[in-house]
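**Student:** Residue numbers (the working numbering), protein chains in the order written: chain C, 23 to 339; chain X, 6 to 275. After the structure tokens below, expect a handful of questions from me.
Structural data, given as structure tokens:
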């Protein structure tokens with residue numbers, strides 16, 4: 023290492039006379055490399071080995087810098103979201119609670135999301151019935167279709183599809199609304215009217231998400247199974263009585279409950295992302311647009327990531 | 006702290022400093038605003054006027070300095086006491102900042118209906134929705150708007166009407182202090198004069214102490230008793246608002262007369 027350091031120093035001095043003795047190796051590497059690149063006589067330079075090694079070292083340093091910066095940004099973002107979530111949760115337990123805002127959010131998150139969640143669940147249940155029939159027919163196991171539909175819908179499709187739909191619809195709307203309030207001074211105006219913005223804007227929305235998502239998932243479960251039933255009986259020729267009996271046999275309370283637990287977590291994450299990115303948005307219309315995109319993308323990824331984690335927690339043998 | 010409370014200014018600021026990164030916005034501002042005075046701060050864009058108001062309101066934390074309201078150091082006072090002092094400030098924002106999810110009357114009555122425990126006292130009792138609506142109607146009339154406007158959404162109003170609703174919201178709870186951030190920006194001269202007239206009426210009627218920031222000279226002279234100029238984070242001049250146009254200070258004269266040449270140099274890219 024010492025020899026290499028001496029080599030770099032010599033190269034740097036050769037091209038930049040007067041360089042200081044106490045330059046550290048990183049700066050020397052950068053300086054030496056810059057000197058070599060800029061040098062008009064570089065083609066006649068004899069220290070090609072040094073030049074290559076410096077270039078490789080510079081590339082390595084760039085990669086390490088990029089990695090460090092990424093880790094720093096991700097860690098800072100996660101910490102910031104964590105603190106925001108803790109403050110939002112603490113606002114549940116500190117009066118006042120804004121019931122009007124909560125009920126409005128419950129209406130927006132829950133009731134107004136019903137059509138999109140219902141249609142998604144209905145078609146997803148139908149698709150599962152069709153696909154599992156295609157696959158299971160090869161092994162003469164078509165009778166398992168009712169079990170597969172119930173299992174898939176209650177454990178996974180109901181909560182995940184509802185979560186993704188609500189992330190797209192409600193997460194985006196929350197980020198846009200709160201973001202617009204931020205960039206038009208409405209959040210500052212709340213503070214001047216002695217109203218804590220986290221209590222007024224965030225806590226009621228988090229509460230609404232936690233309550234509305236499980237209710238939506240109950241509807242999604244019912245309609246998902248109904249979609250499977252419709253396809254199985256109308257298109258695939260199953261006897262309705264037998265299909266219903268097989269469905270009731272396969273339906274387990276714990277599967278439904280785990281789906282509802284997932285929905286509760288998803289509801290919290292989706293509204294948290296919408297509120298966080300809206301609340302911290304900056305820079306006018308462009309900032310609000312970026313906040314909306316970030317809220318939807320991060321909520322969707324978190325829904326899928328937490329779906330895996332919760333499935334692993336509850337169902338892994 | 007002030008030695009003689011009877012002569013204490015309503016707002017006292019000493020050595021206020023705020024920087025954003027390497028950009029120093031407030032650089033040791035000292036300011037006394039006597040009780041019942043309407044104080045105007047002028048200065049160019051980016052001179053730190055809005056940051057000064059936001060520091061007093063607690064929306065921005067200054068790096069150094071002292072801010073006293075009625076002798077209470079609001080930067081270091083316990084949270085409850087700080088909230089009580091700052092709760093006595095009503096603010097008209099530059100773009101009115103009306104809540105677009107609420108109707109006009111709900112905007113005006115927002116502070117009256119706020120369920121925050123620290124919000125209400127004997128002076129500011131919490132009102133029922135019916136009482137708040139009646140108060141909102143009365144305040145809307147004070148700012149020259151028909152009470153029927155109360156049922157509209159803020160997005161249905163013109164810029165001038167939005168400013169008037171913002172003013173109504175600021176005065177609805179009869180605060181002891183009023184802040185106005187660029188009250189006439191974006192309005193035509195006649196509407197600007199109307200808003201200024203309403204501000205003067207409200208301040209005089211309620212006996213409030215007011216701080217307005219503006220770069221509209223006509224507005225500054227209509228609203229203000231006292232005036233000061235902020236330049237590069239420092240107060241470079243203070244005097245009666247009536248002497249704004251002939252202050253004798255080269256910077257103020259250049260600014261108020263809108264001259265290109267003078268001690269204030271604008272850095273322009275060519």
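Even glycine gets a Cβ: it sits at the ideal position worked out from N, Cα and C. Fair warning: this is a prediction, and the values are worked out from it, not measured in the lab.
How close, in whole Å, do the beta carbons of residue 255 of chain X and residue 268 of chain X come, if the pair is a contact with beta carbons under 8 Å?
**Tutor:** Residue 255 of chain X to residue 268 of chain X, Cβ: 5 Å. Contact.
**Student:** Could you tell me which uninterrupted beta strand (DSSP E) segments, each at least 3 residues in length, are contained entirely in the segment 166-219 of chain X, listed from first to last along the chain?
**Tutor:** Fully enclosed beta strand (DSSP E) runs of 3 or longer: 182-186 and 214-219.
**Student:** Among the residues of its own chain, which have a CB less than 6 Å from the CB of residue 176 of chain C, if the five just before and after it don't count?
**Tutor:** Excluding residues within five positions, the ones whose Cβ falls inside 6 Å are 243, 277, 278 and 281.
**Student:** Determine the DSSP secondary structure at residue 120 of chain C, reduced to helix, strand or coil.
**Tutor:** Three-state result, residue 120 of chain C: coil.
**Student:** Assign residue 241 of chain X to one of three DSSP states: helix, strand, or coil.
**Tutor:** Correct three-state label for residue 241 of chain X: strand.
**Student:** Does DSSP put residue 158 of chain X in a helix, a strand or coil?
**Tutor:** Coil at residue 158 of chain X, not helix or strand.
**Student:** If we define contact as Cβ-Cβ less than 7 Å, is residue 44 of chain X a contact residue for chain C?
**Tutor:** Output row for residue 44 of chain X: interface = no.
**Student:** Counting Cβ pairs closer than 8 Å, one from the segment 61-76 of chain X and one from the segment 147-162 of chain X, do we hit at least three?
**Tutor:** No, because fewer than three Cβ pairs between the segment 61-76 of chain X and the segment 147-162 of chain X fall closer than 8 Å, the two stretches do not touch.
**Student:** Kindly indicate which residue of X:191, X:186, X:192 and X:193 has the alpha-carbon position closest to the one of residue 207 of chain C.
**Tutor:** The shortest C-alpha separation from residue 207 of chain C is found at X:186.
**Student:** So, helix, strand or coil for residue 210 of chain C, using DSSP?
**Tutor:** In this structure, residue 210 of chain C counts as helix in the three-state DSSP scheme.
**Student:** Considering just the uninterrupted stretch of the alpha helix (DSSP H) at residue 143 of chain C, what are its terminal residues?
**Tutor:** Residues 136-158.
**Student:** Could you work out which residue in X:19, X:199, X:173 and X:178 is closest to residue 76 of chain X when comparing CA atoms only?
**Tutor:** Ranking X:19, X:199, X:173 and X:178 by Cα distance to residue 76 of chain X puts X:19 first.
**Student:** When we look at the beta-carbon of residue 121 of chain C and count the other beta-carbons within 10 Å, is it buried (16 or more) or exposed?
**Tutor:** Exposed, since its Cβ has fewer than 16 Cβ neighbours within 10 Å.
**Student:** Return the CA-CA distance between residue 130 of chain C and residue 334 of chain C, expressed in angstroms with no decimal places.
**Tutor:** About 31 Å.
**Student:** Between residue 337 of chain C and the ligand ADP, is the CB less than 6 Å from at least one heavy atom?
**Tutor:** With respect to small molecules bound, the structure shown includes none, and the ligand ADP cannot be examined in it.
**Student:** According to DSSP, is residue 33 of chain X part of a helix, a strand, or is it coil?
**Tutor:** Residue state, collapsed to three classes: strand.
**Student:** Against chain X, which members of the segment 84-118 of chain C pass a CB distance test of less than 7 Å?
**Tutor:** Residues 117 and 118.
**Student:** Please state whether DSSP places residue 66 of chain C in a helix, a strand or coil.
**Tutor:** Confidence in residue 66 of chain C is poor, its pLDDT being 48 and thus under 50, which makes the residue's placement too unreliable to answer from.
**Student:** Taking 7 Å as the threshold (C-beta atoms), are residue 111 of chain C and residue 298 of chain C in contact?
**Tutor:** Their beta carbons are not under 7 Å apart, which means residue 298 of chain C does not touch residue 111 of chain C by this criterion.
**Student:** Under three-state DSSP, which class holds residue 98 of chain X?
**Tutor:** In the structure shown, residue 98 of chain X sits in coil (DSSP, three-state: anything other than H, G, I, E or B).
**Student:** For residue 210 of chain C, decide whether its Cβ has a neighbour in chain X, counting only Cβ atoms nearer than 7 Å.
**Tutor:** Cβ-Cβ to chain X under 7 Å: yes for residue 210 of chain C.
**Student:** Excluding sequence positions up to five away, which residues of its chain have a Cβ less than 6 Å from the Cβ of residue 338 of chain C?
**Tutor:** If we look at residue 338 of chain C and ignore the five residues flanking it on each side, it has no Cβ neighbours.
**Student:** My assumption, with CB atoms under 8 Å, is that residue 118 of chain X sits in contact with residue 132 of chain X. Please give the rounded CB distance.
**Tutor:** So it is a contact: roughly 7 Å between Cβ atoms.
**Student:** Is residue 79 of chain X helix, strand or coil when you go by DSSP?
**Tutor:** Looking at residue 79 of chain X - three-state DSSP - the assignment turns out to be coil, as it is neither helix nor strand.
**Student:** Between residue 276 of chain X and residue 17 of chain X, is the Cβ-Cβ spacing less than 7 Å?
**Tutor:** Lying before the first or after the last residue shown, residue 276 of chain X is absent from chain X, which here runs from 6 to 275.
**Student:** Along chain X, which residues have their Cβ under 7 Å away from the Cβ of residue 204 of chain C?
**Tutor:** Residues of chain X passing the Cβ test: none, with the nearest at roughly 11 Å.
**Student:** When you compare the CB positions of residue 189 of chain C and residue 322 of chain C, do they come within less than 7 Å of one another, or not?
**Tutor:** Contact flag set, yes.
**Student:** In the structure shown, what three-state DSSP assignment does residue 198 of chain C receive?
**Tutor:** Correct three-state label for residue 198 of chain C: helix.
**Student:** So, with DSSP's three-state summary, where would you put residue 41 of chain X?
**Tutor:** Coil at residue 41 of chain X, not helix or strand.
**Student:** What is the DSSP secondary structure of residue 231 of chain X, reduced to helix, strand or coil?
**Tutor:** If DSSP states are grouped into helix, strand and coil, residue 231 of chain X belongs with the strands.
**Student:** When you compare the CB of residue 130 of chain C with every CB in chain X, is at least one pair closer than 7 Å?
**Tutor:** No, because no Cβ of chain X sits closer than 7 Å to the Cβ of residue 130 of chain C.
**Student:** At which residues does the alpha helix (DSSP H) containing residue 19 of chain X begin and terminate?
**Tutor:** Not the alpha helix (DSSP H): residue 19 of chain X falls in the beta strand (DSSP E), residues 16-25.
**Student:** With residue 308 of chain C as the anchor, note down where its alpha helix (DSSP H) starts and where it stops.
**Tutor:** Looking at the DSSP string, the run of the alpha helix (DSSP H) that includes residue 308 of chain C is 306-337.
**Student:** List the DSSP bridge partners of residue 236 of chain X.
**Tutor:** Note: residue 236 of chain X sits in a beta bridge opposite X:239.
**Student:** Would the beta-carbon of residue 114 of chain X fall within 7 Å of that of residue 139 of chain X?
**Tutor:** Contact flag unset, no.
**Student:** So the candidates are X:83, X:233 and X:91; which of them puts its Cα closest to the Cα of residue 212 of chain C?
**Tutor:** Of X:83, X:233 and X:91, the residue nearest in Cα terms is X:91.
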